[in-house]
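Going by UniProt numbering, 306 is the number at position 306 of the sequence shown; the sequence numbering is gapless. Note that the Cβ used here is the ideal one computed from N, Cα and C, for glycine as well. A quick write-up on the structure given underneath.
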Amino acid sequence: MGLRARRRASVEIKQCLLPESVAFVYNSVTHMDGLAPVSVVACAGCCLHRCGSLSLALIPGYYEMLVPGYLYTTLIEDDLQGFIHRCLQLLGLVILITVLKTLRSFTTSWLANSWRISITNEIHGLYMSDLTFHTLRMEYARIDNPDQRIVTDIKELTSTFFTILGGVGAGGAYEAFGNILWYSVQVGQRCGWYGVVTGYVWSAVMALISVAFINVVAPWVFRQERLEAVFRFLHVTLRTRAEDIAFQGHGTHEYETLDTSLVRCVDNTKQIIYRQIYLNVIQFWYGYMTTFVMYFSVGVAVFSGLAWEYTAEGERAQWIAQTSGSFMFLLWGFTILIQLSTQTSDFVAYVTRVSELHDALLDSKRRNGHDTHPNTNTALNESQMFIDNPQTLVVDKLQITSPAAEVLMSGLSFTLAKGDSLLLLASSGKGKSSLLRVLRGLWPASQGSVSLPAKLSTGTGGLFFLPQRAYLAHELTLKQHVMYPTMQADDAASDDTIRALLCEFGLERVLERVGGLDVIANWHTMLSVGEQQRLCLARVVWHQPSIAILDEATSSLDAEWEKRVYQSFVKRNIGVLSVGHRETLCALHNRVIKLA
Numbered sequence: 001m002g003l004r005a006r007r008r009a010s011v012e013i014k015q016c017l018l019p020e021s022v023a024f025v026y027n028s029v030t031h032m033d034g035l036a037p038v039s040v041v042a043c044a045g046c047c048l049h050r051c052g053s054l055s056l057a058l059i060p061g062y063y064e065m066l067v068p069g070y071l072y073t074t075l076i077e078d079d080l081q082g083f084i085h086r087c088l089q090l091l092g093l094v095i096l097i098t099v100l101k102t103l104r105s106f107t108t109s110w111l112a113n114s115w116r117i118s119i120t121n122e123i124h125g126l127y128m129s130d131l132t133f134h135t136l137r138m139e140y141a142r143i144d145n146p147d148q149r150i151v152t153d154i155k156e157l158t159s160t161f162f163t164i165l166g167g168v169g170a171g172g173a174y175e176a177f178g179n180i181l182w183y184s185v186q187v188g189q190r191c192g193w194y195g196v197v198t199g200y201v202w203s204a205v206m207a208l209i210s211v212a213f214i215n216v217v218a219p220w221v222f223r224q225e226r227l228e229a230v231f232r233f234l235h236v237t238l239r240t241r242a243e244d245i246a247f248q249g250h251g252t253h254e255y256e257t258l259d260t261s262l263v264r265c266v267d268n269t270k271q272i273i274y275r276q277i278y279l280n281v282i283q284f285w286y287g288y289m290t291t292f293v294m295y296f297s298v299g300v301a302v303f304s305g306l307a308w309e310y311t312a313e314g315e316r317a318q319w320i321a322q323t324s325g326s327f328m329f330l331l332w333g334f335t336i337l338i339q340l341s342t343q344t345s346d347f348v349a350y351v352t353r354v355s356e357l358h359d360a361l362l363d364s365k366r367r368n369g370h371d372t373h374p375n376t377n378t379a380l381n382e383s384q385m386f387i388d389n390p391q392t393l394v395v396d397k398l399q400i401t402s403p404a405a406e407v408l409m410s411g412l413s414f415t416l417a418k419g420d421s422l423l424l425l426a427s428s429g430k431g432k433s434s435l436l437r438v439l440r441g442l443w444p445a446s447q448g449s450v451s452l453p454a455k456l457s458t459g460t461g462g463l464f465f466l467p468q469r470a471y472l473a474h475e476l477t478l479k480q481h482v483m484y485p486t487m488q489a490d491d492a493a494s495d496d497t498i499r500a501l502l503c504e505f506g507l508e509r510v511l512e513r514v515g516g517l518d519v520i521a522n523w524h525t526m527l528s529v530g531e532q533q534r535l536c537l538a539r540v541v542w543h544q545p546s547i548a549i550l551d552e553a554t555s556s557l558d559a560e561w562e563k564r565v566y567q568s569f570v571k572r573n574i575g576v577l578s579v580g581h582r583e584t585l586c587a588l589h590n591r592v593i594k595l596a
């Protein structure tokens, strides 16, 4: 059965048989198969590590548990040599167990980090291919905050998973099951079958109650992650658009929005806290009641006569200490499982969020795999888009329809060759940006055809798009910003060319101010909006495309600089398709088409 068929079947089962909270957990578990291909190495390493460390730690732990019984005997018998021997034995076992648990903690963290790399690389590969990072928000609106899912949720998923399997402190599920299996045998030999049954029944009842409350908590944890992502996004927006907000007001609306988002986060956290009360009660009650259950079982063994049947009178204190220890370790195995219930509820939420993103990316990849053009979505109706002449753009009877079925543009036709210039003049809301999305392949057209050069990848020629808002990528040097997105040249001749280009576009003072081409700075705060646009326009000239498509890319420049920019394009025989609404652009182009 294929992945999609299994998912569909699981959803049908969930809807028919399970209540909402249980269905949430069931759906999360079934999602794990989607992450399995990217976690084989980490999980295999974890299994080998845990099996090895469990076998190494369980046996020393068992003998460490026996030592207090031997110490009681040496004290009762006033055996100094025996006491010293047992103390040294206990010290050696403690050192060995400490080393093993430290190694376990280290390797668990290392494996969690390795799995994070594996999953993140897989999702990055899908997210950054075929412009999926753009189409995801258009076609999969239910996938909120993919940035948080990639950055935070994957990290929490992997670390929580390995904490559940075997982290620091309690030791995790591996140690729990190891204790249960090993000490069931020991308790059975010392207390009889009823001692084992008592421990199992008591722990099973408490475990079932814990699982029931996990189903209550997990959906709220899932919702908390979404609310926290929105709260963080609002703060990021406030930081990145601080100057725009300051120019237009005092930030009153932003403050109210942040406060509302915070209240939602806090209120949802309260719901989680209330629901976790039940989990905490179960955990603490079970933890403290284990002592009572242990002494009850030992008491039954003693007063029934079974305890002393094969035990010498001088070894009774030793028997009580060792039997109590075995029973405590048996119940401790169950205690670990119950105390992992909180982490499990968090893990269920993380699995759901990461797997939803992974499924959406896989679905997008399958859909894009059927496209006829690698840089476009398939047309909705009768439109065609294909690569033909590498130096000419031809648009024939193009019609563009919005996702809401509104016709934005109809019957548009033009031809633009290398070295020519054309201005599409229109006011706001006339479909200018929609046309550019179609030419770039971000939107399908409903009718007509487009023949265009290939998108510029390396070298010169092809098609180059430049949006209105200057994009300066994170942690790039001035030189790399000019070469973006290819950034391959690193010889001295290229440096000289870039310096000359920066001077041509009036950025020589920026070059002097930062101290060279290879300096990384916060360019968004260092450069004015006009300087940012000129830097991006210099990028167009550096790449020498056959045709440059500009979306009001000179909107922050004065008339003199606009003229100089277009003269640079003419001098290098770069064809220009400009989209704008200012009449001053008409004189800078050979042809003008006014969009009604």
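In this structure, L466 sits near D551, with a CB-CB distance shorter than 8 Å.
Taken atom to atom, the span from the alpha-carbon of Y286 to that of V187 is near 19 Å. Fewer than three pairs of CB atoms, one per stretch, sit closer than 8 Å, so the stretch 93–111 makes no contact with the stretch 124–139. Contact annotation, F284 with N179: C-beta distance approximately 20 Å; criterion of less than 8 Å not satisfied. In this structure, L357 lies near I123, with their beta-carbon atoms less than 8 Å apart. CA-CA distance, I549 to F464, rounds to 6 Å. Look at the stretch 298–360 and you find these whole runs of alpha helix (DSSP H), each 4 residues long or longer: 316–339. Residues T257, L258 and S261 of the same chain have their beta carbon placed closer than 7 Å to that of L234, with the five preceding and five following residues left out of the count. Taking I209 as the centre and dropping the five residues before and after it, the same chain places the C-beta of I282 closer than 7 Å to its C-beta, in chain order. When only Cα atoms are considered, Y194 and G333 end up about 18 Å apart. Under the 10 Å beta carbon count, G515 is surrounded by fewer than 16 other beta carbons and is classified as exposed. In this structure, S555 sits near Q468, with a CB-CB distance shorter than 8 Å. Non-local beta-carbon contacts of K594 in its own chain, meaning distances under 6 Å to residues more than five positions away in sequence, involve L425 in chain order. Cα atoms of Y274 and T152: separation of roughly 25 Å, rounded to the nearest angstrom.
From the listed residues P485, R316, R582 and Q480, the smallest Cα separation to G69 is found for R316. Apart from sequence neighbours up to five positions away, the residues of its chain that approach V519 with a beta-carbon distance below 7 Å are T477 and L478, ordered along the chain.
Rounded to whole angstroms, N573 and D420 show a C-alpha spacing of 8 Å.
Annotation: R226 to V236 spans about 15 Å, alpha carbon to alpha carbon.
Relative to the Cα of W523, the nearest Cα in the group V394, W115, D396 and E475 belongs to E475.
Taking L577 as the centre and dropping the five residues before and after it, the same chain places the C-beta of L416, L422 and I549 closer than 6 Å to its C-beta, in chain order. For T486, there is no enclosing beta strand (DSSP E), since its DSSP letter is neither H nor E. In the assembly as shown, G125 is an exposed residue. Its beta-carbon has fewer than 16 other beta-carbons within 10 Å. The shortest CA-to-CA distance from Y295 to any of S427, I320, L279 and R264 is the one to I320. With fewer than 16 other Cβ atoms inside 10 Å of its own Cβ, G411 counts as exposed. For M409, the enclosing beta strand (DSSP E) begins and ends at V407 to A417. Residue pairing by DSSP puts Q447 in a beta bridge opposite Q399. Ranked by Cα distance from F213, the options N280, F222 and L181 are led by N280. When the alpha-carbon of Q271 is set against those of G251, R223 and V482, the nearest one is in R223. Only exposed fits I59, as fewer than 16 other CB atoms lie within 10 angstroms of its CB. When secondary structure is reduced to three states using DSSP, V185 falls in the helix class.
Straight-line spacing of the CA atoms in F292 and T198 works out to 12 Å.
Pairing M483 with D144, the inter-Cα distance amounts to about 33 Å. When secondary structure is reduced to three states using DSSP, T237 falls in the helix class.
By a beta-carbon distance limit of 8 Å, S568 does not contact K418. Their separation comes to about 15 Å. Under the DSSP assignment, R591 falls outside any alpha helix (DSSP H), being part of the beta strand (DSSP E) whose first and last residues are R591 to K594. When secondary structure is reduced to three states using DSSP, A473 falls in the coil class, being assigned neither helix nor strand.
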